[in-house]
Amino acid sequence: MMKECYQTWAQLEREAGTQLHRQTELLLLGTKENPGLKTIQTTLSRQGIDHECLSSVDLKQRFPNIRFTRGEVGLLDKTGGVLYADKALRALQHIICQLGGTVCDGEKVVEIRPGLPVTVKTTLKSYQANSLVITAGPWTNRILHPLGIELPLQTLRINVCYWREKVPGSYGVSQAFPCILGLDLAPHHIYGLPASEYPGLMKICYHHGDNVDPEERDCPKTFSDIQDVQILCHFVRDHLPGLRAEPDIMERCMYTNTPDEHFILDCHPKYDNIVIGAGFSGHGFKLAPVVGKILYELSMKLPPSYDLAPFRMSRFSTLSKAHL
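Numbering follows the UniProt record's numbering, with no gaps: position 42 of the sequence shown is 42.
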(Lines of atoms letter the chains of each structure in order from A and count residues from 1; the text may use other names and numbers.)
(Lines give C-alpha, C1' and ligand atoms only; values in the text may rest on other atoms or scores of the structure.)
Protein backbone atom coordinates (compact mmCIF):
# COMPACT_ATOMS: atom_id res chain seq x y z
CA MET A 1 0.00 0.00 0.00
CA MET A 2 2.76 2.46 0.92
CA LYS A 3 4.31 2.30 -2.56
CA GLU A 4 1.07 3.55 -4.12
CA CYS A 5 0.64 6.12 -1.34
CA TYR A 6 4.05 7.66 -2.03
CA GLN A 7 3.08 8.03 -5.68
CA THR A 8 -0.29 9.59 -4.84
CA TRP A 9 1.12 12.03 -2.28
CA ALA A 10 3.72 13.08 -4.87
CA GLN A 11 0.94 13.64 -7.42
CA LEU A 12 -1.00 15.77 -4.91
CA GLU A 13 2.16 17.78 -4.19
CA ARG A 14 2.55 18.55 -7.88
CA GLU A 15 -1.09 19.55 -8.26
CA ALA A 16 -1.09 21.65 -5.08
CA GLY A 17 2.25 23.29 -5.84
CA THR A 18 3.43 22.96 -2.23
CA GLN A 19 5.62 20.54 -0.29
CA LEU A 20 3.55 17.98 1.63
CA HIS A 21 6.22 15.37 2.37
CA ARG A 22 9.87 15.45 3.38
CA GLN A 23 12.09 12.40 3.25
CA THR A 24 14.15 12.31 6.45
CA GLU A 25 14.80 8.57 6.91
CA LEU A 26 13.39 6.66 9.89
CA LEU A 27 15.67 5.26 12.59
CA LEU A 28 14.17 2.34 14.51
CA LEU A 29 15.87 1.56 17.81
CA GLY A 30 15.70 -1.53 19.98
CA THR A 31 17.67 -4.28 21.61
CA LYS A 32 19.33 -6.85 19.38
CA GLU A 33 16.75 -9.47 20.45
CA ASN A 34 13.70 -7.29 19.80
CA PRO A 35 11.24 -9.36 17.69
CA GLY A 36 9.54 -6.28 16.27
CA LEU A 37 12.81 -4.99 14.88
CA LYS A 38 13.49 -8.34 13.22
CA THR A 39 9.97 -8.44 11.73
CA ILE A 40 10.33 -4.94 10.27
CA GLN A 41 13.72 -5.80 8.81
CA THR A 42 12.26 -8.90 7.16
CA THR A 43 9.38 -6.85 5.72
CA LEU A 44 11.69 -4.16 4.35
CA SER A 45 13.88 -6.81 2.71
CA ARG A 46 10.89 -8.64 1.22
CA GLN A 47 9.47 -5.40 -0.22
CA GLY A 48 12.84 -4.31 -1.60
CA ILE A 49 12.86 -1.13 0.49
CA ASP A 50 16.24 0.56 0.93
CA HIS A 51 17.42 0.13 4.53
CA GLU A 52 20.51 -0.39 6.64
CA CYS A 53 21.19 -2.35 9.83
CA LEU A 54 23.30 -0.43 12.35
CA SER A 55 25.30 -1.86 15.23
CA SER A 56 25.75 -0.06 18.55
CA VAL A 57 29.09 1.26 17.30
CA ASP A 58 27.51 2.45 14.03
CA LEU A 59 24.78 4.30 15.93
CA LYS A 60 27.23 6.20 18.13
CA GLN A 61 29.26 7.26 15.10
CA ARG A 62 26.30 8.24 12.90
CA PHE A 63 24.11 9.90 15.53
CA PRO A 64 26.30 11.63 18.13
CA ASN A 65 23.36 13.68 19.44
CA ILE A 66 21.54 10.50 20.54
CA ARG A 67 22.79 8.79 23.69
CA PHE A 68 22.66 5.00 23.62
CA THR A 69 22.65 3.43 27.09
CA ARG A 70 21.52 -0.19 26.65
CA GLY A 71 23.52 -1.48 23.71
CA GLU A 72 20.74 -0.60 21.28
CA VAL A 73 20.96 -1.51 17.62
CA GLY A 74 19.28 0.35 14.79
CA LEU A 75 17.41 -0.18 11.56
CA LEU A 76 17.47 2.78 9.19
CA ASP A 77 14.57 2.91 6.72
CA LYS A 78 15.90 5.27 4.08
CA THR A 79 12.44 5.93 2.61
CA GLY A 80 11.01 7.22 5.91
CA GLY A 81 9.84 10.80 6.22
CA VAL A 82 7.31 13.31 7.50
CA LEU A 83 3.93 14.25 6.05
CA TYR A 84 2.79 17.79 6.76
CA ALA A 85 -0.75 16.85 7.74
CA ASP A 86 -2.32 20.33 7.91
CA LYS A 87 -0.99 21.26 4.48
CA ALA A 88 -2.07 17.89 3.09
CA LEU A 89 -5.63 18.30 4.36
CA ARG A 90 -5.91 21.80 2.91
CA ALA A 91 -4.56 20.56 -0.42
CA LEU A 92 -7.03 17.65 -0.48
CA GLN A 93 -9.98 19.92 0.30
CA HIS A 94 -8.89 22.34 -2.42
CA ILE A 95 -8.67 19.52 -4.99
CA ILE A 96 -12.11 18.19 -3.92
CA CYS A 97 -13.65 21.62 -4.53
CA GLN A 98 -11.83 21.96 -7.87
CA LEU A 99 -13.34 18.64 -8.98
CA GLY A 100 -16.86 19.77 -8.10
CA GLY A 101 -17.14 18.35 -4.59
CA THR A 102 -18.39 20.21 -1.54
CA VAL A 103 -16.72 20.34 1.89
CA CYS A 104 -19.27 20.98 4.66
CA ASP A 105 -17.44 21.92 7.85
CA GLY A 106 -19.05 22.42 11.24
CA GLU A 107 -22.04 20.12 10.67
CA LYS A 108 -22.60 17.51 13.35
CA VAL A 109 -24.26 14.29 12.17
CA VAL A 110 -27.37 13.68 14.28
CA GLU A 111 -29.00 10.78 12.42
CA ILE A 112 -28.35 8.24 9.66
CA ARG A 113 -31.37 6.54 8.10
CA PRO A 114 -30.36 3.42 6.13
CA GLY A 115 -32.06 2.55 2.88
CA LEU A 116 -31.77 3.35 -0.79
CA PRO A 117 -31.04 6.19 -0.80
CA VAL A 118 -29.36 6.48 2.60
CA THR A 119 -30.17 9.71 4.45
CA VAL A 120 -27.78 11.69 6.64
CA LYS A 121 -29.25 14.38 8.86
CA THR A 122 -26.93 17.02 10.33
CA THR A 123 -27.46 20.04 12.55
CA LEU A 124 -27.92 22.13 9.38
CA LYS A 125 -29.63 20.00 6.71
CA SER A 126 -30.25 16.51 5.31
CA TYR A 127 -28.36 14.71 2.54
CA GLN A 128 -29.27 11.66 0.46
CA ALA A 129 -27.04 9.37 -1.59
CA ASN A 130 -26.96 5.86 -3.02
CA SER A 131 -24.06 4.99 -0.72
CA LEU A 132 -22.41 6.42 2.38
CA VAL A 133 -18.84 6.21 3.66
CA ILE A 134 -18.40 6.71 7.42
CA THR A 135 -14.93 7.75 8.62
CA ALA A 136 -15.77 9.26 12.00
CA GLY A 137 -12.59 8.59 13.96
CA PRO A 138 -13.21 8.39 17.72
CA TRP A 139 -16.93 9.11 17.17
CA THR A 140 -17.36 5.96 15.04
CA ASN A 141 -19.27 3.88 17.59
CA ARG A 142 -21.48 6.80 18.55
CA ILE A 143 -22.62 6.97 14.92
CA LEU A 144 -22.78 3.20 14.36
CA HIS A 145 -24.67 2.25 17.52
CA PRO A 146 -28.10 3.36 16.15
CA LEU A 147 -27.27 1.28 13.04
CA GLY A 148 -26.97 -1.86 15.14
CA ILE A 149 -23.25 -2.49 15.52
CA GLU A 150 -20.48 -1.60 17.91
CA LEU A 151 -16.86 -2.08 16.89
CA PRO A 152 -14.13 -3.07 19.39
CA LEU A 153 -12.49 0.35 19.38
CA GLN A 154 -10.49 2.13 22.05
CA THR A 155 -10.47 5.93 21.86
CA LEU A 156 -7.18 7.05 23.37
CA ARG A 157 -6.20 10.58 24.33
CA ILE A 158 -2.56 11.11 23.34
CA ASN A 159 -0.28 13.79 24.75
CA VAL A 160 1.60 15.41 21.87
CA CYS A 161 4.76 17.02 23.27
CA TYR A 162 7.32 19.39 21.76
CA TRP A 163 10.81 19.70 23.27
CA ARG A 164 13.15 22.66 22.82
CA GLU A 165 16.62 22.22 21.35
CA LYS A 166 19.43 23.55 23.53
CA VAL A 167 21.31 24.40 20.33
CA PRO A 168 18.85 25.52 17.62
CA GLY A 169 18.85 23.21 14.62
CA SER A 170 20.66 20.30 16.25
CA TYR A 171 17.64 17.99 15.90
CA GLY A 172 16.12 19.64 12.85
CA VAL A 173 15.44 18.57 9.29
CA SER A 174 18.15 20.99 8.13
CA GLN A 175 20.71 18.83 9.96
CA ALA A 176 19.32 15.66 8.33
CA PHE A 177 18.15 14.35 11.69
CA PRO A 178 15.83 11.37 11.07
CA CYS A 179 12.49 10.42 12.50
CA ILE A 180 13.04 7.98 15.35
CA LEU A 181 11.00 5.12 16.76
CA GLY A 182 12.00 3.44 20.03
CA LEU A 183 10.56 -0.07 20.11
CA ASP A 184 11.50 -1.22 23.60
CA LEU A 185 12.93 1.83 25.36
CA ALA A 186 9.73 2.24 27.40
CA PRO A 187 6.61 0.13 28.12
CA HIS A 188 5.13 1.40 24.82
CA HIS A 189 6.69 2.78 21.64
CA ILE A 190 8.10 6.31 21.64
CA TYR A 191 8.45 8.22 18.39
CA GLY A 192 10.06 11.51 17.46
CA LEU A 193 9.99 13.83 14.45
CA PRO A 194 12.79 16.30 13.64
CA ALA A 195 12.15 19.93 14.52
CA SER A 196 10.05 21.55 11.80
CA GLU A 197 6.43 22.21 12.79
CA TYR A 198 7.45 24.57 15.60
CA PRO A 199 10.91 26.08 14.94
CA GLY A 200 13.45 24.77 17.43
CA LEU A 201 11.07 22.19 18.90
CA MET A 202 11.29 18.44 18.32
CA LYS A 203 8.05 16.45 18.49
CA ILE A 204 8.33 13.40 20.76
CA CYS A 205 5.26 11.37 21.73
CA TYR A 206 4.33 8.24 23.63
CA HIS A 207 2.31 5.71 21.61
CA HIS A 208 -0.11 5.24 24.50
CA GLY A 209 -2.88 7.11 26.26
CA ASP A 210 -6.01 7.04 28.39
CA ASN A 211 -9.24 5.58 27.02
CA VAL A 212 -11.57 8.61 27.04
CA ASP A 213 -14.74 9.91 25.44
CA PRO A 214 -13.63 12.10 22.50
CA GLU A 215 -15.87 14.87 23.83
CA GLU A 216 -13.57 14.98 26.88
CA ARG A 217 -10.30 15.19 24.97
CA ASP A 218 -9.39 18.58 26.43
CA CYS A 219 -10.47 17.91 30.01
CA PRO A 220 -7.86 18.38 32.78
CA LYS A 221 -4.94 15.95 32.85
CA THR A 222 -5.33 12.67 34.69
CA PHE A 223 -2.71 10.82 36.71
CA SER A 224 -2.08 8.56 33.70
CA ASP A 225 -1.43 11.61 31.50
CA ILE A 226 1.15 12.84 33.98
CA GLN A 227 2.78 9.39 34.12
CA ASP A 228 3.03 9.21 30.33
CA VAL A 229 4.70 12.63 30.14
CA GLN A 230 7.11 11.61 32.90
CA ILE A 231 8.11 8.56 30.82
CA LEU A 232 8.86 10.92 27.92
CA CYS A 233 10.87 13.22 30.20
CA HIS A 234 13.02 10.26 31.27
CA PHE A 235 13.45 9.20 27.63
CA VAL A 236 14.57 12.68 26.57
CA ARG A 237 16.90 13.03 29.55
CA ASP A 238 18.49 9.61 28.91
CA HIS A 239 18.68 9.56 25.10
CA LEU A 240 18.45 13.10 23.69
CA PRO A 241 20.81 15.25 25.76
CA GLY A 242 20.57 18.17 23.35
CA LEU A 243 16.90 18.76 24.28
CA ARG A 244 15.50 20.35 27.40
CA ALA A 245 14.05 17.63 29.60
CA GLU A 246 10.59 19.24 29.99
CA PRO A 247 8.19 19.83 27.09
CA ASP A 248 7.67 23.43 25.95
CA ILE A 249 4.31 22.72 24.29
CA MET A 250 1.73 20.02 25.00
CA GLU A 251 -1.24 19.34 22.75
CA ARG A 252 -3.83 16.57 22.56
CA CYS A 253 -4.90 14.25 19.78
CA MET A 254 -7.03 11.10 19.62
CA TYR A 255 -6.13 7.59 18.50
CA THR A 256 -8.91 5.15 17.62
CA ASN A 257 -7.37 1.71 18.13
CA THR A 258 -8.51 -1.77 17.16
CA PRO A 259 -7.32 -4.76 19.25
CA ASP A 260 -4.77 -5.74 16.57
CA GLU A 261 -4.06 -2.11 15.52
CA HIS A 262 -5.03 -2.90 11.91
CA PHE A 263 -7.68 -0.83 10.16
CA ILE A 264 -11.33 -1.66 9.60
CA LEU A 265 -12.32 -1.21 5.94
CA ASP A 266 -15.64 -2.93 5.35
CA CYS A 267 -19.34 -2.67 4.57
CA HIS A 268 -22.00 -2.64 7.26
CA PRO A 269 -23.07 -6.30 7.77
CA LYS A 270 -26.74 -5.44 7.16
CA TYR A 271 -26.65 -2.33 4.94
CA ASP A 272 -24.12 -2.94 2.20
CA ASN A 273 -24.39 0.61 0.86
CA ILE A 274 -22.93 1.92 4.14
CA VAL A 275 -19.13 1.62 4.14
CA ILE A 276 -17.00 1.99 7.26
CA GLY A 277 -13.38 3.10 7.63
CA ALA A 278 -12.22 3.07 11.25
CA GLY A 279 -9.62 2.01 13.78
CA PHE A 280 -6.61 3.64 12.18
CA SER A 281 -4.69 3.19 15.44
CA GLY A 282 -2.41 6.20 15.18
CA HIS A 283 -0.82 5.23 11.85
CA GLY A 284 -3.52 5.72 9.23
CA PHE A 285 -2.92 9.19 7.80
CA LYS A 286 0.04 8.27 5.62
CA LEU A 287 -2.11 5.57 3.98
CA ALA A 288 -5.06 7.89 3.37
CA PRO A 289 -4.76 7.90 -0.46
CA VAL A 290 -5.07 4.11 -0.71
CA VAL A 291 -7.63 3.90 2.10
CA GLY A 292 -9.78 6.45 0.27
CA LYS A 293 -9.47 4.45 -2.95
CA ILE A 294 -10.52 1.23 -1.17
CA LEU A 295 -13.51 2.89 0.50
CA TYR A 296 -14.55 4.30 -2.87
CA GLU A 297 -14.32 0.84 -4.44
CA LEU A 298 -16.45 -0.65 -1.65
CA SER A 299 -19.05 2.10 -2.00
CA MET A 300 -19.28 1.58 -5.78
CA LYS A 301 -19.30 -2.27 -5.53
CA LEU A 302 -16.06 -2.46 -7.51
CA PRO A 303 -13.46 -5.23 -7.08
CA PRO A 304 -11.04 -4.05 -4.37
CA SER A 305 -7.47 -3.25 -5.39
CA TYR A 306 -6.09 -5.05 -2.32
CA ASP A 307 -6.86 -8.13 -0.27
CA LEU A 308 -9.24 -6.83 2.40
CA ALA A 309 -9.29 -9.95 4.58
CA PRO A 310 -7.00 -8.34 7.21
CA PHE A 311 -9.36 -5.36 7.41
CA ARG A 312 -12.77 -7.07 7.71
CA MET A 313 -14.68 -6.37 10.91
CA SER A 314 -15.65 -10.07 11.08
CA ARG A 315 -12.12 -10.86 12.30
CA PHE A 316 -13.21 -9.67 15.75
CA SER A 317 -15.17 -12.25 17.74
CA THR A 318 -16.22 -9.45 20.12
CA LEU A 319 -18.10 -7.53 17.41
CA SER A 320 -21.45 -6.52 18.86
CA LYS A 321 -24.48 -6.96 16.59
CA ALA A 322 -27.14 -6.66 19.26
CA HIS A 323 -29.61 -4.73 17.14
CA LEU A 324 -29.15 -6.40 13.75
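Heads up, the beta-carbon is just placed ideally off N, CA and C, and yes, glycines get one too. Bear in mind that the values here come from a model prediction, so they are computed numbers and not experimental data.
Would residue 73 pass as an interface residue toward chain B - the criterion being a Cβ-Cβ separation below 7 angstroms? Of the protein chains in this structure there is only one, and it is not chain B.
In the DSSP assignment, the beta strand (DSSP E) including residue 203 goes from what residue to what residue? 201-206
Name the DSSP bridge partner or partners of residue 254? 157
Any idea which residues DSSP pairs residue 34 with across the strands? Paired residues: none, contrary to the question.
Let me know if residue 307 comes out buried or exposed under the rule of 16 or more other beta-carbons within 10 Å of its beta-carbon. exposed
Quick one: what's got a C-beta closer than 7 angstroms to residue 255's C-beta in the same chain, skipping five residues either side? 156, 158, 209, 281, 282
Cβ-based neighbour list, residue 29, same chain, cut-off 6 angstroms, excluding 5 preceding and 5 following: 72, 74, 182
Measuring only the C-alpha atoms, how far is residue 150 from residue 313? 10 angstroms
Could you check what DSSP says for residue 149 in three-state terms: helix, strand or coil? coil
Are residue 119 and residue 107 touching if we call contact CB-CB under 7 angstroms? no
Between residue 297 and residue 289, is the Cβ-Cβ spacing less than 7 angstroms? no
Is the beta carbon of residue 80 closer than 7 angstroms to that of residue 26? yes
For residue 19, count neighbouring Cβ atoms within 10 angstroms of its own Cβ and tell me buried if that reaches 16, exposed if not. exposed
Please list the terminal residues of the continuous alpha helix (DSSP H) segment that includes residue 90. 85-98
Under a three-way DSSP split, which group does residue 326 fall into? The structure shown does not extend to residue 326, since the chain is modelled only from 1 through 324, so no value can be given for it.
Can you tell me the Cβ-Cβ gap for residue 163 and residue 67, rounded? I've got them flagged as a contact below 8 angstroms. With a Cβ gap of about 14 angstroms, residue 163 and residue 67 do not count as contacting.
Use the C-beta contact count for residue 207: other C-beta atoms within 10 angstroms, 16 or more gives buried, fewer gives exposed. buried
First and last residue of the uninterrupted beta strand (DSSP E) at residue 58: Counting along the chain, residue 58 falls outside any beta strand (DSSP E), though it belongs to the alpha helix (DSSP H) covering 56-62.
For residue 19, name the three-state secondary structure that DSSP assigns. coil
Out of 175, 191, 230, which one is the CA nearest neighbour of residue 63? 175
Can you name, in chain order, every residue of its own chain whose Cβ lies under 8 angstroms from the Cβ of residue 299, other than the five neighbours on each side? 131, 132, 133, 273, 275
Is it buried or exposed, residue 198, if we count other Cβ atoms within 10 angstroms and call 16 or more buried? exposed
Which residues mark the beginning and the end of the alpha helix (DSSP H) in which residue 295 is found? 288-299
Would you identify the three-state DSSP class for residue 3, choosing helix, strand or coil? helix
According to DSSP, what are the bridge partners of residue 266? 276
Cα separation between residue 213 and residue 167? 39 angstroms
DSSP bridge partner residues for residue 211 (one or two, in chain order): 156
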